[in-house]
């Protein structure tokens, strides 16, 4: 944490640092006194980075330069070691806004996958909220746990290996998000975990899954259903020749949102 | 805050509640013992809502029903009393991801406008972070303060009435976001307020402003420049006839992001 | 037809003229010696327009000015008197490119609707091609016929009132385009009307219809299937403040294209 | 040309045929009695294709199969031998609709480039219209001429090697389209070539060029200015898993349209 009047912000033991090289390769490193950062371009002792100004440049023993940056949440998510498709940052940001995810929230998530969304949620609910994440594949859960631990966020997350057909352990959760193949199959379990008016969200890649989920939602006490998609278009940052990039990601998934209604109010919108 | 094992979540004194009517009209109300909520459809005593389950339905003395919901951050932003265009929730979510805004962040913002972005940022940096927001028009600043106070978020924000050409009071801020007409004019001030590697962001509506800002950024020690825009497309949530809505918002603004470089590293990317 | 060396182009008897007023209201008029154009802003004798330069301005007896313009095909389509949704010009242009519609083509179309697509196709296949259009609702067919006759294009079109479940009269058509509710129900009839390798196209508004049509196409000898949609984004034409319009049409329909395979070649892509 | 009652359509000497292989490689061939089509997968005598049904499959002497298809205009454009970026078919279709390009039109075009747009325009104005195309680079003009000649369309096009700053030879053209670096520099020349109310169009890749062109148009007698862009989104044609392709072309160019006003009417919209 910085301060208003004191000395400029310096990197400390325990800080998460993004080392950004001229070749645009980036590395996420947690500063630890006595440790060493190694790449094929040489090594740097953490002690030679700790105490430096944020934004300063350090060099490996092979004279290759890295800038020391605070990572964005987008960069943390993109930096996740993964064996599955991760949720895109553009979609995570929108999920946060639509599902009221912030400091103090208690969120249930399935499936964990590589933990990209899990880490973003954990970062957002700190320090008093909590994420309960479920994943049926043990090797995925292990990958996700490592990804969270690497960033020092594991204490904000409870990892459970389970087929969510068996239900969630939580009740009265603020929100439940499903990133699974058939979210339409688990709405009874989702509803049981949510508080009244709680937020439901899901991400699916195909229109058929959207239709299936909408049909299932109509059979359960959910309301305020919305379906959205976000398109991100990036521009070449050249002032005299401003234009969109030539190509873009055309599709990441459809986002479906709703609210848990109390059973007796289920005839509501 | 809810709990895992206890009784279901009930509305308490001090809670922020979204009252949602069948006519889709919505009201944001902070529960206060002894107070009364009034609409042209009748009144409800807060004491008849406090203690109710979240998601339950209450009726006015004229028998008009409202469902009691926790509001999403999107709904809070959309509910701001405004005299200016607010930043859209889709853009706010993306700004949060790109500028690492979360619990504990120290953020400088200008101009405050109606305070829509301010409230979203305040909600995100709780409880230990802080927002420093600047606005030259006193009546706007007052509107924004009222909007924040209504949601109980004013303690997380310092409001300053000032032309930002005079500079910001903060140093070593984690991020600075500009939603002003000519962000290209204030980059010296922005840089002075940011810590090394700190996040710069701006929102502008026209391509000419994007070009001007990109040209100015090239004259100051900033790097890692990106220009993005987000398109939100919503679908009619009908399972057997799934299709996009007929019309959509085609443009809210271009988002420009960058990082403050230390002056001596300004030849960096 | 104009010429290279002679006098500038002047409006003649029989020409189709777009009268464009300052209030942005536009009228399509076929010039006829002795006729009179009447609006609530006054009248103009056709004889006072015939012989004028294209682009000149004439005034009604109430002194209201109209510019005399050659209409674009887009304007002709938009000017159709309609009781149904018309195919959008952006989609028609793409259909023309994908289905090889041009001078000489023989095209089968159903349903005719208000005739917007019919007139664009007729205009494109002149003078030696022909459009065969089918519509089950007699009042729609009549509307379409009037729309085509008004533009002098009726001789390029054969109108048939029929439920296309009964089949088309044509064989060896270059292309068949369906703008009907359930195109998936008529693929046998479509295939019978097409020449080998001929072009099939359809426009449907929902994803469910796309899926149904794709499933049906897989059961018939069609190949080279593609599904596309086009988004048109318009900009405010202000050089110093260039930006997209605030709102846009978000959806007109999904376009599905394929080729008729010879039955014995149906195992092809 | 096909017929309604007679025998099914067969390939004839002079026809343009798209040979489509299983590997999705495609070849455009004009059928010529006695000629031979050769690929690295073997040869086929044209005489073994002439007389075949459209849509039939023929094999090379190495037993590799090709389906014989009528090419779409999109495929002709994509098949152009090119050393420059071609205008995309989605944009060409829209240009046709907006600029009233069809049978009989007299169109001026610059620069010719590889001739992709030229060939589409030539195909559309047949048999009585004409394209006048200008290009300053002789080697480009030669490439374009070959591309048009290969398709038998050269008689509909007049090719001129010239810097268009020197002006066009035509007067009273129906439309002028510019695909050059600085269209803003040639508006006097464009206006001189157009008939009153004639169609002007241009394609430019950057927002700066759009602004420059809009500013220049305001200095010349043009009206009815519009700026558009088209986004093409394609879907995976799988009925049970319908979804957009993962990536798409994000930008091809901005389209600017206007109308030539008579000089004395230049105060018009």
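Chains as they are written, first to last, in my numbering: chain A, 1 to 269; chain B, 1 to 269; chain C, 1 to 269; chain D, 1 to 269. Glycine is no exception: its CB is placed at the ideal position from the N, C-alpha and C atoms. Computed from a predicted structure; not experimentally measured.
No Cβ-Cβ contact shorter than 9 Å links residue 86 of chain B with residue 111 of chain B. A distance of 9 Å or more separates the beta carbons of residue 178 of chain C and residue 229 of chain C. Contact check for residue 76 of chain A and residue 55 of chain A: beta-carbon distance about 18 Å, past the 8 Å limit, so the pair fails to qualify. Assigned with DSSP and collapsed to three states, residue 234 of chain B falls in strand.
For residue 186 of chain A, there are no C-beta contacts with chain B under 7 Å, since the nearest C-beta of that chain is about 17 Å from it.
Rounded to the nearest angstrom, the Cβ distance from residue 114 of chain B to residue 140 of chain B is 7 Å, consistent with a contact under 8 Å. At a cut-off of 9 Å, the C-beta of residue 162 of chain D has no neighbouring C-beta in chain C.
In the three-state reduction of the DSSP assignment, residue 38 of chain B falls in the strand class, which pools E and B. With contacts defined by Cβ atoms closer than 9 Å, residue 237 of chain D and residue 256 of chain C form a contacting pair. As the crow flies, the alpha-carbon of residue 101 of chain A is around 49 Å from that of residue 258 of chain D. Positions of the alpha helix (DSSP H) runs, each at least 4 residues long and wholly inside the segment 97-134 of chain B, are given as 116-125 in order along the chain. By the Cβ-count criterion, residue 36 of chain C is exposed, with fewer than 16 other Cβ atoms from all chains shown falling within 10 Å of its own Cβ. The closest CA to that of residue 167 of chain C, considering only C/187, C/104, C/78 and C/89, is found on C/187.
If you draw a straight line from the Cα of residue 184 of chain B to the Cα of residue 212 of chain B, it comes to about 6 Å.
For residue 212 of chain B, no beta strand (DSSP E) run applies; the uninterrupted alpha helix (DSSP H) run containing it begins and ends at 207-217, by DSSP. Contact annotation, residue 71 of chain D with residue 28 of chain D: C-beta distance approximately 6 Å; criterion of less than 8 Å satisfied. Near chain C, meaning a CB-to-CB distance below 8 Å, no residue of the segment 116-150 of chain B qualifies. According to the DSSP assignment, residue 248 of chain B belongs to the beta strand (DSSP E) that extends over 247-249. Per the coordinates, the alpha-carbon of residue 203 of chain D lies some 15 Å from the alpha-carbon of residue 121 of chain D.
Pairing residue 234 of chain B with residue 172 of chain A, the inter-Cα distance amounts to about 29 Å. A contact between stretches requires three or more CB pairs, one per stretch, nearer than 8 Å, and the segment 14-25 of chain D fails this requirement with the segment 248-255 of chain C. For residue 135 of chain A, the closest of A/240, A/10 and A/157 by C-alpha to C-alpha distance is A/157. By the C-beta density criterion, residue 182 of chain B is exposed, having fewer than 16 other C-beta atoms within 10 angstroms. Of all residues in the segment 245-261 of chain C, the ones placed with a Cβ closer than 9 Å to any Cβ belonging to chain B are 245, 246, 247, 248, 249, 250, 251, 252, 253 and 254, in chain order. Judged by DSSP in its simplified three-state form, residue 79 of chain D adopts coil rather than helix or strand. Remark: C-beta atoms of residue 84 of chain C and residue 64 of chain C do not approach each other more closely than 9 Å.
Rounded to the nearest angstrom, the gap between the Cα atoms of residue 164 of chain A and residue 170 of chain A is 12 Å. In this structure, the beta-carbon distance from residue 210 of chain D to residue 231 of chain C does not fall below 9 Å. With respect to chain A, the C-beta atom of residue 181 of chain B has no partner C-beta closer than 9 Å. The straight-line gap separating the alpha-carbon atoms of residue 153 of chain B and residue 239 of chain D is approximately 49 Å.
As a beta-bridge residue in DSSP terms, residue 20 of chain C pairs with C/26 and C/67. Residue 34 of chain D has its alpha-carbon roughly 15 Å from the corresponding atom of residue 52 of chain D. Around the beta carbon of residue 148 of chain C, 16 or more other beta carbons lie within 10 angstroms, which makes this residue buried. As summarised for the segment 129-189 of chain C, the continuous beta strand (DSSP E) elements at least 3 residues long and confined to that stretch are 130-135, 157-161 and 173-178, given in chain order. By the beta-carbon neighbour count (other beta carbons within 10 angstroms, threshold 16), residue 218 of chain D is exposed. Along the segment 206-234 of chain C, going in chain order, the ones with a CB nearer than 8 Å to a CB of chain A are 207, 208, 210 and 211.
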